Each structure stands twice: as structure tokens, then as C-alpha cells.
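Protein chains in written order, with our numbering: chain Y, 4 to 316; chain V, 682 to 930. The block underneath contains the structure these notes are about, expressed in C-alpha cells.
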Amino acid sequence: MSPNILIVAEHNGRTLSVATAKCVACAATIPDAHITVVVCAANAAAVAAQAAAVSGVHRVVTVEHPIHEHPLAAAIAPQIAALAGPYSHVLGPSSTFGKDLMPRIAALLETVQVSDIMAVESATRFRRPIYAGNAVITVEVLDGAKVVGTVRTASFQAAGTGAQAPIEAASPVAPPTHTRFVSVSAAKSDRPDLQTAGKVVSGGRALGSAESFQMLYRFADKLHAAVGASRAAVDAGYAPNELQVGQTGKIIAPELYIAIGISGAIQHLTGIKDARTIVAINKDPEAPIFEVADIGLVGDLFEIVPQLEQLIG
Amino acid sequence: MKRILVGIKRVVDYNVRIRIKPDGSGVVTEGVKMSVNPFDEIALEEALRIKERGAAEEVIVATVGPADCQPQLRTCLAMGADRALHVQTDTPLEPLATARVLRALTEREQPFLVLLGKQAIDDDNGQTGQMLAALWERPQATFASKVELSEGKARVTREIDAGLETIEVDLPAVVTVDLRLNEPRYVKLPDIMKAKKKPLETLTLEALGVTPRAQLKTPRYAPPAQRHKGVRVKDAAELVAALKQKGLL
Ligand SMILES: Cc1cc2nc3c(=O)[nH]c(=O)nc-3n(C[C@H](O)[C@H](O)[C@H](O)COP(=O)(O)OP(=O)(O)OC[C@H]3O[C@@H](n4cnc5c(N)ncnc54)[C@H](O)[C@@H]3O)c2cc1C
Ligand SMILES: Cc1cc2nc3c(=O)[nH]c(=O)nc-3n(C[C@H](O)[C@H](O)[C@H](O)COP(=O)(O)OP(=O)(O)OC[C@H]3O[C@@H](n4cnc5c(N)ncnc54)[C@H](O)[C@@H]3O)c2cc1C
């Protein structure tokens, strides 16, 4: 049987997330894959049209129900499980959306999940990181079990566009009533998105206050960069939680990552391993961040960052 | 009785720099410091605070694993859990099997809330809680940074990629906790002594009716790709020049 792959689309009701195009890219590395994207939404048309255009997609299935206005795993999982019968693989991104949802689907299907797929060796063999990225394991799914997986998006380049896949509607299953969306507080910002930005300026505990963090925002704006933070900076309230980079934050792969006043704990480094160029600015020449930095500068960030701002102009 | 069940996993301590066995068959765990998964300590702390507020009567910790998990269960009892369940097995379980065991424990203990970590820092799967919720046909609230209980309901703030999301779930429910939910208390010496007298019950997979079936094998463990050694620059001007040279500015 050739691999028949179902990808659960991540979107915000209007726009398909680039993470979905990365899942498509991952699925397309499985030889002979037939790829279907499923869009669960209150109104699916706009997102379905975008999904149908992603190169490599053969078919788009929409499921419309008012409960899908917000992505609740408890509502989406039974829907996907109901559709999953003919598929050999069900994939979603390793974002908080996919991490929340996919294991629930796997359990409904009584099958295994492979988390954070970073490479595909065959339809049943995958590589994934463990121990905060300090080891990479090859896992093999046995006995023809259905594979549920989350795709480590930093490991794949988004598939392009140009396809014209057919779009079909599937009927919704009755969602549970035990889980209700209340609210979401998302910071509105004109800055590039941390997860997809080409450049990221990231600050650590050394910034010392939310006010000093403003200096990083200014510097980032000059570079057209997104802003990230270490856990210590988030815990201390200098930066909001969605900026955290690392094992328990975001895993990113920008062209340029500038770590400012960040020591380089393994839990932080796991989030930036795939960055093309890492720059570290730290006053401690022994800081572990220098072990992974392509360019290191030892010194006081409060002197260096204003100088950089001036030099870049 | 109003009970909270907390899932605990024994893992290599987060400060340990792990090493891969030379033959690629696994990670060296012999002689390495083992601890309670940091997320699970946060889950337990939350359970204890809920009990201290009077919203629960009993906090039970449970772990699935080999005999050497008992020190970690004792640590949890010393933190304040009332009793511990040790489902003893030498078979490494996949998350679905672990979730089945926890499901059997919810049947036995009838908790109104199950608190787990959002991920175990060794395998980094982040699956068990969501799987338990699905098998139990109950709500899940993952990556919690705030949990508020009211009659029959929980309002949970979740750390998601976009920011903070709040959902409301009917109880019983499974909540998996994130790092910023609370700061776990330190264990004091007298509590360690007291914990020795608290009940720790050992159970088997058979008694719980769980037959694990391996659906996954791990043929190879490898170190991650290494980054090349970088260069040092002496000041901001050199840094800007280096970035320009790489076409990054
Ligand atoms: C289970 C678990 C999960 C975790 N997940 C994450 C995660 O996802 N992301 C994450 O980041 N961390 C995570 N951590 C925390 C991690 O272990 C570190 O504690 C954290 O990354 C440290 O943040 P930091 O580098 O900002 O602070 P510190 O380690 O305190 O480093 C501050 C650095 O700033 C330097 N410095 C001080 N003053 C100046 C100055 N004036 N100019 C220049 N440099 C200066 C110092 O030399 C030091 O190197 C996790 C920890 C655990 C246990
Ligand atoms: C190939 C393979 C090898 C393994 N080798 C080992 C081994 O050498 N030693 C070993 O101890 N285990 C081993 N296991 C078991 C495995 O580590 C986990 O218990 C199980 O897979 C859960 O996944 P996770 O730890 O990534 O949990 P996650 O899904 O990331 O954990 C989330 C939360 O679930 C709860 N939880 C997870 N595991 C348990 C548990 N066992 N008991 C109670 N609550 C739990 C905790 O609250 C945790 O924070 C192995 C599994 C496999 C598939």
C-alpha cells in the first residue's frame, strides 16, 4: 500500500499557517506519498483554497462546524479520528496546536505517535530528538501500525505553491460539550513572527528589566528581526511567554540568531540548533553559548547594543 | 473523597549532560543522577496548593516504572503527597501504554483532577496527558500556566504559540502543566522522615489489566550534529563587518 497521508491544517480562520506547508514538505519526503490536508474551521473556504495551492497536496477535505472557530483539541480529535480510517499516516505540526491535538488523535486511534519528526528515513522510520536535542533517535513503527506524528517544523523548508488540489467537504461529527473556549490574549505586533523570521534578536536574564528589553526591540526593528527571550527573561517578566525560545518554548531556525546576555543552557540551545548563524554577546568569556556561536563577542551588552544600533544606523 | 492524581516520571536530572553509549544502543543512565521530571514537581506543587486551599482532600502520586523509581515517589511524599502508587514494571512503556495504566488508576481512584507534566524531559514526547484524556473521554487542558477551580469546572490558562489562551473544562479533566504555573517547594528534612511512614502501594500491570504492546522500536541513538567552532570578534565594529561579510546585514 502506498503511503496515504492526512495532514491536519493549522490556521487562524483566515490564513493557513506556514507550519502546515512544512508538514507537507515532510510528508513529501515519504516516497509515493498521497497527501490530503484536512481543514477544520467554522468557515473553511479561504484556508482550504490556500491549502489546495500548496505544492505536493493532492486533495483538501474541509469540515465546517461553529466549534472550530477556535482550535480545541477535544473537538478536532474525534473529527480527525473519524476520517483517519483509510490513511497510513496522520501528521500535524509540532507547534502548541499540534502538540495538544495529535496525541489525542493517536489515542483515539489506539496507535503510536512519533513526536517532533526531524527526518524521514522511510514510511515507517523517522529521526527525532530526545533529551532537549542532546540525542537523536531513529524510531521504527512496527507491524503496520498507523503513524501519528508531529513534524518539527524547524527541520523542513515550507513547500511552495502552485498546486490546484480538489476540495471536498466532509460532514462533521458531533463535538463534545465538555470543553469551551474562553479567550486568547495574543500580543499584537508589527514585528516579524518569531517562528518564521529570518533574523532573531534574543535577550536573557542579563537585560535585567522590561525597560532594558525595549532596547532589544529597538535594535531588532533596525534589523527587521523578531525578538526572542530565554526562559529566565520570561520568568522574570521582562518578555511575554510567547517569546521563549528553547526546549519548552519555540524551536526556531532563522538565518541569523543574536543571543544577548544569554548563558546558553542546553534547554535554550535546543531551540536554536538549526539557526544558520549564531551570534553571542556575553560578558563571560566562558559562557556555554560561545561553544555554539559562529561569531562571539565578549563584552557588556549595555555598551555593545547601543554601539551596534549606531553602526547599523 | 475529592482526590487529585499526579503522574510522576523519574528522569535523568536536567543538569546532567547526557552521553550516548558508544554502540548507539541508548543513553548512559548508570550512575547518573535521577530526579522527578521537573514538570511533574510543578504538577504536584499545584495539587498540594489546591488541597491546602481546601478544594481537594487527598493528593495521590503515581509512577509507572522499575523498582528504582521509589526514591522519587518518596520525594513526592516528602513534598506533601498523601500516598503513592507504584506500578512496577521493567518493560519500557510507550506513552499510550503509560496512558492506559493511568486510565486504570483513574478508574480505581476516581480523581476529579489529574495533573501531569506537559512533557518528560528525557523522551520529550509530550503525549501521555492528552492520550489519557482521550482514553478517559474527558477534557484536556495542556501547557497550563494558571488553573482556577470552581464547582465542577476548571478554567485553565494555556501557554500557546500565539500568547495565552483560556479554556473552561468540565471536571474530571486532565491538566498538563507548564513551567510558569508555580515554583515547587523545597523538601525539608523532617518531611523526609515523615514521608517514610506514608503509604506507598506497589501494583502490577496485570492487576490493572494493561498488557503493553510495543508499536515502536528504537534501533539507534546518535549524538546531534555538531556546529562548527566559531570565531571571536573584538568589538561591535568587527561584529558588524563580519555580519556584512556573511551577507546578513
Ligand atoms: C525543564 C526545563 C526546561 C527549560 N526550558 C527552557 C527553555 O525553553 N528556554 C530557555 O531559555 N531556558 C529553559 N530552561 C532554563 C535554562 O536551564 C536556563 O536557566 C535559562 O535558559 C537561563 O537563561 P539566561 O541565559 O537568560 O540566564 P543566565 O543563565 O542567568 O545567563 C545570563 C547570562 O548573561 C551574561 N551577562 C550578565 N550581564 C551581562 C552584561 N551586562 N552583558 C553581557 N552579558 C551579560 C552572563 O554572563 C550569563 O551568561 C529550562 C529549564 C528546565 C529545568
Ligand atoms: C523505546 C523506549 C525505551 C524506553 N526506555 C525507558 C527507560 O530506559 N527507562 C524508563 O523509565 N522508561 C523508558 N521508556 C518509557 C518511557 O520513557 C515513558 O514512560 C513513556 O514513553 C511516556 O513518554 P514520555 O516519558 O516521553 O512522557 P510524556 O508524554 O512526555 O510525559 C508527560 C507526562 O506524563 C506523565 N508520565 C510520563 N511517563 C510516566 C510514567 N512512567 N509514570 C507516571 N507518569 C508518567 C508525567 O506527568 C509526564 O510529565 C521507554 C520507552 C520507549 C518507547
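Quick reminder that beta carbons are idealized off the backbone N, C-alpha and C, glycines included. Everything numeric in this text was worked out from a predicted model, so none of it was measured.
Among the residues facing chain V, I70 (chain Y) is not included, as its CB has no counterpart in that chain under 9 Å away.
For L786 (chain V), the enclosing alpha helix (DSSP H) begins and ends at 776-790. Under the 9 Å criterion on CB atoms, D851 (chain V) is classed as interfacial with respect to chain Y.
Listed by position along chain V, the residues whose Cβ is nearer than 9 Å to that of I120 (chain Y) form an empty set, because the closest Cβ is around 12 Å away. In this structure, the CA atom of V187 (chain Y) is about 22 Å from the CA atom of G249 (chain Y).
Under the three-pair Cβ rule at 8 Å, the segment 842-861 of chain V does not count as touching the segment 742-753 of chain V. The beta carbon of H271 (chain Y) sits closer than 8 Å to at least one heavy atom of ligand 1. For N285 (chain Y), the closest alpha carbon among the candidates Y:E67, Y:A30, Y:A190, Y:V308 is that of Y:V308. For V203 (chain Y), the CB contacts under 6 Å within the same chain, skipping 5 residues up- and downstream, are A228, A229, G231, P257, Y260 in chain order. Relative to ligand 1, the nearest heavy atom lies less than 8 Å away from the CB of I284 (chain Y). It is roughly 28 Å from the alpha-carbon of D694 (chain V) to the alpha-carbon of E733 (chain V). Against chain V, the beta carbon of D146 (chain Y) has neighbours under 8 Å at Q896, listed in chain order. Annotation for Y260 (chain Y): the continuous beta strand (DSSP E) segment containing it runs 259-263. Going by C-alpha positions, L210 (chain Y) is about 13 Å away from D238 (chain Y). In the structure shown, F216 (chain Y) adopts helical secondary structure according to DSSP, grouped into three states. In chain order, I848 make up the part of chain V whose C-beta sits under 7 Å from the C-beta of F184 (chain Y). Within 8 Å of the C-beta of T39 (chain Y) there is not a single heavy atom belonging to ligand 1. Here N244 (chain Y) is buried, its C-beta having at least 16 other C-beta atoms within 10 Å. Contact between the segment 206-220 of chain Y and the segment 870-887 of chain V is absent: fewer than 3 CB-CB pairs across the two stretches fall below 8 Å. Remark: fewer than three beta-carbon pairs, one from each stretch, lie closer than 8 Å, so the segment 713-724 of chain V and the segment 290-303 of chain Y are not flagged as touching. Annotation for D287 (chain Y) indicates a beta carbon within 8 Å of some heavy atom of ligand 1. The continuous alpha helix (DSSP H) containing R730 (chain V) extends over residues 719-733. Beta-bridge partners of I741 (chain V) (DSSP): V:L686, V:R764. The bridge partners DSSP lists for V693 (chain V) are V:M715.
Using a 10 angstroms sphere on the CB of E846 (chain V), the tally of other CB atoms reaches 16 or more, which defines it as buried.
Taking a cut-off of 8 Å on C-beta distances, the segment 782-802 of chain V does not touch the segment 898-907 of chain V, as fewer than three cross pairs fall below it.
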